[in-house]
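Chemist: First, the structure itself, so that you have it in front of you.
Numbering (the working numbering), first residue to last: 146 to 538.
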């Protein structure tokens, strides 16, 4: 039986594990390795990147979706309230609990967190087993491959069109060099990294012309979706409907023009694209006497790599990035418009990601006498009560 040679870059393994593509792909690959139907070509660079990011990044990416759903349900609960007697989603709630349907739904959903964490842990362990399998071919990084990658960088050819993509180049060139040396035809290289490996052309993203000669010369194949590569090995592993959904998800991930301000995840082979953009309610601490009181909603998104929060300022439309290390402290808008953001996590007692984004009234100061917060309109550094007390004395 002839073996099918496949190779996945780091970001593609991550997207399988976090559920962007069916996790059943992992079992198909593992079973294929067991019966010899598949042989995995694994550059050492992929192992390094996987070990660096498998826990932190994969778990964050998956659990972020879970936490965002919880927060969305909570916002809907506040918006709808308890007056609606029969919402269209009432079929999700057990009979006899219509008055508490949102509470029941949230409670049930939150109980699933441990199951999700366990599933992600199992997926990570499966990838680790695949990497150590006897039919997995680990490729060491040679000086010649590093030299080829440097030459691509100097010539500003893909994958160095937009940024420093040395790791991506080493992974691809390791694959190409191996299949060429072993005279393997039909080997499949799979990458979600369309930003570096592809070019936009009439709404499509074919393999970049700079890289096409590598694949033509070795008679290798390039895929952007794991399911399509596996379907070429065995028919109907993934349905056309599922593949279309995956393509739509890829568009959401990689068509966003904004890159994270907190990390350079792309250089490690995984997109630092800011996605999950949605309107978020803002607790505005300005009173009605100030023009800034009108900003109650802001567009927010999170980095696919480090999960840092990005806030698009509702006043000047610039983007301010906040990692979790900047939560619970005042951060001024990067656009210089004067708005001050504050991510309050004081209600996150159960570690589900509960947080409130606030706009702080810049006039609020701590009273020099009593220490209480107050609006220092007159710039006298003490609150009205303390001033009154001084006047009475």
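Where a beta carbon is used, it is the ideal one built from N, C-alpha and C, also for glycine.
Out of 338, 459, 292, state which residue places its alpha-carbon closest to the alpha-carbon of residue 319.
Modeler: 292
Chemist: Looking at the strands, I want to know which residues DSSP matches up with residue 446.
Modeler: 455
Chemist: Just to confirm before moving on: does the CB-CB distance between residue 418 and residue 363 stay below 8 Å?
Modeler: No.
Chemist: Contact between the region 365-382 and the region 168-184: three or more CB pairs below 8 Å?
Modeler: yes
Chemist: For residue 358, which of helix, strand or coil comes out of DSSP?
Modeler: helix
Chemist: Rounded to a whole number of angstroms, what is the C-alpha to C-alpha distance between residue 510 and residue 198?
Modeler: 42 Å
Chemist: In whole angstroms, what is the alpha-carbon distance linking residue 365 and residue 326?
Modeler: 13 Å
Chemist: I need the boundaries of the beta strand (DSSP E) containing residue 374, first residue and last residue.
Modeler: Premise fails: residue 374 lies in the alpha helix (DSSP H), 371-376, not in any beta strand (DSSP E).
Chemist: Taking all protein chains shown into account, decide if residue 324 is buried (16 or more other Cβ within 10 angstroms of its Cβ) or exposed.
Modeler: buried
Chemist: Write down the C-beta distance between residue 272 and residue 187 rounded to the nearest angstrom, noting that I regard them as a contact closer than 8 Å.
Modeler: 11 Å between Cβ atoms; not a contact.
Chemist: So what does DSSP say about residue 431, is it helix, strand or coil?
Modeler: Secondary structure of residue 431 (DSSP, three-state): coil.
Chemist: Candidates 391, 435, 470: which alpha carbon is nearest residue 505's?
Modeler: The shortest Cα separation from residue 505 among 391, 435, 470 belongs to 435.
Chemist: Please report the distance separating the alpha-carbon of residue 353 from that of residue 499.
Modeler: 42 Å
Chemist: Please report the distance separating the alpha-carbon of residue 524 from that of residue 454.
Modeler: 33 Å
Chemist: Three Cβ pairs or more, each shorter than 8 Å: is that satisfied between the region 469-476 and the region 389-396?
Modeler: no
Chemist: Using C-beta distances below 8 Å, list every residue in its chain close to residue 503, excluding the 5 sequence neighbours before and after it, in chain order.
Modeler: For residue 503, where only same-chain residues beyond five positions count, the Cβ hits under 8 Å are 427, 428, 429, 430, 486, 487, 488, 489.
Chemist: Can at least three beta-carbon pairs, one atom from the region 285-302 and one from the region 339-346, be found at a separation below 8 Å?
Modeler: no
Chemist: Would you please state the rounded distance, in angstroms, between the beta carbons of residue 150 and residue 184? I believe it to be under 8 Å.
Modeler: Confirmed, Cβ separation roughly 5 Å.
Chemist: Between which two residues does the beta strand (DSSP E) containing residue 283 stretch?
Modeler: Note, residue 283: beta strand (DSSP E), 281-284.
Chemist: When DSSP labels each residue in this structure, what does residue 337 get in the three-state scheme?
Modeler: coil
Chemist: Checking 8 Å against the spacing of the C-beta atoms, do residue 168 and residue 159 come in under that value?
Modeler: no
Chemist: Determine whether the Cβ of residue 296 lies closer than 8 Å to any Cβ atom of chain D.
Modeler: Note that chain D does not occur in the displayed structure, where there is just one protein chain.
Chemist: DSSP three-state call for residue 162: helix, strand or coil?
Modeler: When DSSP states are grouped into helix, strand and coil, residue 162 belongs to the helix group.
Chemist: Check residue 533 in the structure and name its three-state DSSP category.
Modeler: helix
Chemist: By Cβ distance, which residues of its chain are closer than 7 Å to residue 462, with the 5 residues on each side in sequence left out?
Modeler: none
Chemist: Identify, in the order they occur along the chain, each residue of the same chain with its Cβ nearer than 6 Å to the Cβ of residue 164, setting aside the five sequence neighbours on each side.
Modeler: none
Chemist: Answer yes or no: do residue 508 and residue 520 have a C-beta to C-beta separation smaller than 8 Å?
Modeler: yes
Chemist: Determine the closest residue to residue 302 out of 387, 447, 388, 343, with distance taken between C-alpha atoms.
Modeler: 343
Chemist: Terminal residues of the continuous beta strand (DSSP E) containing residue 352?
Modeler: First-last for residue 352: undefined, no H or E at that position.
Chemist: Who does residue 426 pair with in a DSSP beta bridge?
Modeler: 442
Chemist: Using only alpha-carbon positions, find the residue among 452, 447, 481 that is nearest to residue 458.
Modeler: Checked all of 452, 447, 481; the closest Cα to residue 458 is 481.
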